[in-house]
Ligand SMILES: C[S@@+](CC[C@H](N)C(=O)[O-])C[C@H]1O[C@@H](n2cnc3c(N)ncnc32)[C@H](O)[C@@H]1O
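Residue numbers (my numbering): 699 to 942.
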């Protein structure tokens, strides 16, 4: 089962605007390869697109397969081209971009080799960057204690970072490397519990309904009792990048 982004687009945009640790390294890579023509694959509601554009002005195309997510992106009135399409059959000629990014998209694309060969094809030169969750982050995520299938759900759909790097190499990318980045530790309080309630990460869409409501009720009870729980949550992302 995959996530219905058309249905969740409005909530997604409202809950996923927080500061993240991966934009600065992406911007640095875009600068390093003097990117002028950028493609963001699975751009969603355009949050990363906006951050990249503000720091590194360029011609930007944002592609997503969800019309609902693109509608939210359009409301931001960015000076970019928005295109509905699929990451495994990019509706562009070969060699028209010099930077490509895809942030938290590859877990929705089972045909990893196809995604990589399409990414390679549309680049003339430059760099491709894929941001995803590391398996160690998933396995050690503190919400496993409230939602017992959290780790199984995400390990099954997020490819391991080594597999992503190998797929990039098979497609022809050179100098492929992985970088781990961390966000700020977040307290687990009532505000956090309400983000879980709003299913701010798609994992919660995929956890069985009963398990989700029981886990959420327990989380709410705990934060109501203690205010702030005695552990924090630190986002860990892995950035896999390579050169064309
Ligand atoms: C977790 S969201 C990430 C959105 C955005 N990159 C961000 O970081 O906020 C995943 C996005 O990938 C899109 N997506 C999933 N599979 C796709 C595919 N095969 N082709 C294009 N977009 C896809 C979804 O519609 C959704 O907008």
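Glycine included, C-beta positions come from ideal geometry on N, C-alpha and C.
Note that the structure is predicted; figures quoted are calculated from it, not measured.
Residue 754 counts as buried, since no fewer than 16 other beta carbons sit within 10 angstroms of its beta carbon.
The alpha-carbon separation between residue 710 and residue 784 amounts to approximately 20 angstroms. With contact defined as three or more Cβ pairs closer than 8 angstroms, the stretch 904-914 and the stretch 827-840 are not in contact. Only exposed fits residue 726, as fewer than 16 other CB atoms lie within 10 angstroms of its CB.
In terms of side-chain proximity, the C-beta atom of residue 741 is found nearer than 8 angstroms to a non-hydrogen atom of ligand 1. Remark: fewer than three beta-carbon pairs, one from each stretch, lie closer than 8 angstroms, so the stretch 840-852 and the stretch 781-798 are not flagged as touching. Around residue 751, the same chain offers 758, 776, 777, 778 as residues with beta carbons nearer than 8 angstroms, after the five sequence neighbours per side are excluded. Placement of the Cβ of residue 852 at a distance of 8 angstroms or more from every heavy atom of ligand 1 is found. One alpha carbon belongs to residue 924, the other to residue 718, and they sit about 27 angstroms apart. Contact between the stretch 819-826 and the stretch 916-931 is absent: fewer than 3 CB-CB pairs across the two stretches fall below 8 angstroms.
Here the alpha carbon of residue 737 sits roughly 42 angstroms from the alpha carbon of residue 916. With a cutoff of 8 angstroms, residue 767 counts as near ligand 1, since its C-beta is closer than that to a heavy atom of the ligand.
Taking the Cβ of residue 763 as the reference point, at least one heavy atom of ligand 1 falls within a distance shorter than 8 angstroms. Boundaries of the beta strand (DSSP E) around residue 829: 821-831.
Unbroken alpha helix (DSSP H) stretches of 4 residues or longer found wholly inside the stretch 722-807: 745-753, 765-772, given in chain order. The C-beta of residue 871 has 16 or more other C-beta atoms within 10 Å across all chains shown, which makes the residue buried. Approximately 17 angstroms separates the beta-carbon atoms of residue 796 and residue 869; this is outside 8 angstroms, ruling out the contact.
Residue 768 holds the alpha-carbon nearest to the alpha-carbon of residue 708 among 768, 756, 724.
Runs of the beta strand (DSSP E) spanning 3 or more residues and lying entirely within the stretch 854-914 occur at 872-880, in chain order. Annotated three-state conformation of residue 925 is coil, per DSSP.
If you check the CB distance, residue 879 and residue 801 do not come in under 9 angstroms.
Its chain contains 825, 872, 873 as the residues whose beta carbon lies nearer than 6 angstroms to that of residue 941, once the 5 sequence neighbours on both sides are disregarded; these appear in chain order.
Pairing residue 781 with residue 893, the inter-Cα distance amounts to about 29 angstroms. Counting along the chain, the unbroken beta strand (DSSP E) around residue 936 starts and ends at 934-941. Remark: C-beta atoms of residue 939 and residue 856 do not approach each other more closely than 9 angstroms.
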